[in-house]
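Contents: one structure, followed by commentary.
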Amino acid sequence: GAGVSQTPSNKVTEKGKYVELRCDPISGHTALYWYRQSLGQGPEFLIYFQGTGAADDSGLPNDRFFAVRPEGSVSTLKIQRTERGDSAVYLCASSYTVNTEAFFGQGTRLTVV
Amino acid sequence: QKEVEQNSGPLSVPEGAIASLNCTYSDRGSQSFFWYRQYSGKSPELIMSIYSNGDKEDGRFTAQLNKASQYVSLLIRDSQPSDSATYLCAATPYGTNAGKSTFGDGTTLTVKP
Numbered sequence: 023g024a025g026v027s028q029t030p031s032n033k034v035t036e037k038g039k040y041v042e043l044r045c046d047p048i049s050g051h052t053a054l055y056w057y058r059q060s061l062g063q064g065p066e067f068l069i070y071f072q073g074t075g076a077a078d079d080s081g082l083p084n085d086r087f088f089a090v091r092p093e094g095s096v097s098t099l100k101i102q103r104t105e106r107g108d109s110a111v112y113l114c115a116s117s118y119t120v121n122t123e124a125f126f127g128q129g130t131r132l133t134v135v
Numbered sequence: 152q153k154e155v156e157q158n159s160g161p162l163s164v165p166e167g168a169i170a171s172l173n174c175t176y177s178d179r180g181s182q183s184f185f186w187y188r189q190y191s192g193k194s195p196e197l198i199m200s201i202y203s204n205g206d207k208e209d210g211r212f213t214a215q216l217n218k219a220s221q222y223v224s225l226l227i228r229d230s231q232p233s234d235s236a237t238y239l240c241a242a243t244p245y246g247t248n249a250g251k252s253t254f255g256d257g258t259t260l261t262v263k264p
């Protein structure tokens with residue numbers, strides 16, 4: 023596709039459930055980033071990949087959060103035992119390589135009830 | 152203190168005026184800077200990138216970087232009502248953390264017809 027694609031656009035889940043959020047980057051982009059954005063705040067870094075490996079996962083809040091990018095393209099952000107505080111918009115971005123211009127997908131709005 | 156600071160606004164300018172948005176950052180290791188525009192309920196959209204001191208112009212937009220003073224600015228000439236949005240500043244460090252951008256919380260701009 024022409025841009026970064028994230029699915030689903032919206033996800034409502036019950037507290038304690040497991041969720042997976044998917045990101046399909048721009049073709050040819052080797053770097054992929056996950057951010058989380060709460061209302062009225064800027065995006066907060068979670069993790070980024072250069073190729074298949076997680077180059078920096080220091081932004082993941084705790085061990086309930088995990089992300090993979092097994093083939094260096096599509097990435098999945100996985101959240102176990104969801105909590106109400108996990109409710110936010112999860113944004114994915116990709117760039118040709120690290121530290122070049124990054125382009126965001128439309129985001130996944132996660133609501134934990 | 153946040154690593155990237157922006158005046159939250161709102162900043163209001165009349166149509167046709169110049170809008171000036173400012174951003175300061177605390178990490179002297181930051182080497183790449185980006186401005187994003189975010190409409191309400193939408194994801195951030197890249198407007199400008201700047202990597203070296205001085206000015207960079209693209210159409211009605213001019214980004215300015217002063218690494219010695221640790222500030223970045225965005226000027227929007229001939230402001231239009233469609234420019235009304237939240238503008239996010241992002242700083243990216245050099246080296247092993249190069250994929251870890253830090254965002255400010257944004258400045259809300261309103262352009263009045």
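Sequences listed follow chains A and B, in order.
For my numbering, add 22 to where a residue sits in the first sequence, where the first one is 1.
For my numbering, add 151 to where a residue sits in the second sequence, where the first one is 1.
The beta-carbon is built from N, C-alpha and C at its ideal position, and this holds for glycine as well.
Candidates T259/B, P232/B and G246/B: closest to G167/B by CA position: Residue P232/B is the option with its Cα nearest to G167/B.
Where does the unbroken beta strand (DSSP E) through E93/A begin, and where does it stop? Where E93/A is concerned, there is no enclosing beta strand (DSSP E), given that its DSSP letter is neither H nor E.
Mind the definition here: the segment 115 to 126 of chain A touches the segment 153 to 162 of chain B only if three or more C-beta pairs lie below 8 Å; say whether that holds. For the pair of segments examined, the segment 115 to 126 of chain A was found not to touch the segment 153 to 162 of chain B: the number of CB pairs separated by less than 8 Å stays below three.
Could you tell me which residues DSSP puts in a beta bridge with N217/B? Per DSSP, the beta bridge partners of N217/B are Y222/B.
Are the segment 23 to 30 of chain A and the segment 66 to 77 of chain A in contact at 8 Å, needing three or more beta carbon pairs? A contact is defined here as three or more CB-CB pairs under 8 Å, and the segment 23 to 30 of chain A fails this definition with respect to the segment 66 to 77 of chain A.
List the residues of chain B whose Cβ lies closer than 9 Å to the Cβ of L113/A, in chain order. What L113/A touches in chain B: S194 and P195.
Please list, in chain order, all residues of the same chain as R228/B whose beta carbon is under 6 Å from its beta carbon, the five residues on each side excluded. Sequence-distant Cβ neighbours of R228/B in its own chain, meaning closer than 6 Å and more than five residues away, are I169 and R211.
Is the separation between the beta-carbon of L260/B and that of L162/B shorter than 8 Å? Contact annotation: L260/B and L162/B have beta-carbon atoms nearer than 8 Å.
Whether or not the segment 168 to 185 of chain B and the segment 77 to 85 of chain A are in contact is what I'm after, with contact meaning three or more pairs of Cβ atoms, one per stretch, closer than 8 Å; do they touch? Look at the beta carbons and you see the segment 77 to 85 of chain A not touching the segment 168 to 185 of chain B: under three pairs across the two are nearer than 8 Å.
Range covered by the beta strand (DSSP E) that runs through V164/B: That run of the beta strand (DSSP E) goes L162 to P165.
Could you say which of S203/B, L172/B, G257/B and L216/B lies nearest to S230/B if we only look at CA atoms? Taking S230/B as reference, the option from S203/B, L172/B, G257/B and L216/B with the minimal CA-CA separation is L172/B.
What do you reckon, are the CB atoms on R103/A and L54/A nearer than 8 Å? Contact: no.
G25/A in three-state terms, based on DSSP: It is coil, neither helix nor strand.
Can you give me the Cβ contacts of P165/B inside the same chain, cut-off strictly under 7 Å, excluding the 5 residues immediately before and after it? Leaving aside the five residues that flank P165/B on each side, the residues in its chain whose CB is nearer than 7 Å to its CB run, in chain order, K263.
D108/A CB to nearest heavy atom of the ligand SAM below 7 Å: Summarising the ligand content, the structure contains no ligands, and the ligand SAM is consequently not present.
Can you confirm whether S220/B, when its beta carbon is compared against all beta carbons of chain A, has any partner nearer than 8 Å? Not one chain A Cβ lies under 8 Å of S220/B.
At a Cβ cut of 8 Å, what residues of the segment 80 to 93 of chain A count as close to chain B, listed as they run along the chain? Look at the segment 80 to 93 of chain A: the residues with a C-beta under 8 Å from a C-beta of chain B are S80 and G81.
Between which residues of its own chain and V96/A is the CB-CB distance below 8 Å, once the five residues before and five after are set aside? Cβ within range, chain order: R44, C45, D46 and P47.
What does R179/B pair with, by DSSP beta-bridge criteria? R179/B is not bridged to any residue.
Partners in chain B for P30/A, counting only beta-carbon separations shorter than 8 Å: What P30/A touches in chain B: nothing, since even the nearest Cβ is about 14 Å away.
Roughly how many whole angstroms lie between the Cα atoms of R106/A and L61/A? Annotation: R106/A to L61/A spans about 14 Å, alpha carbon to alpha carbon.
Just how far apart, CA to CA, sit A241/B and Y176/B? In a straight line, the C-alpha of A241/B is about 9 Å away from that of Y176/B.
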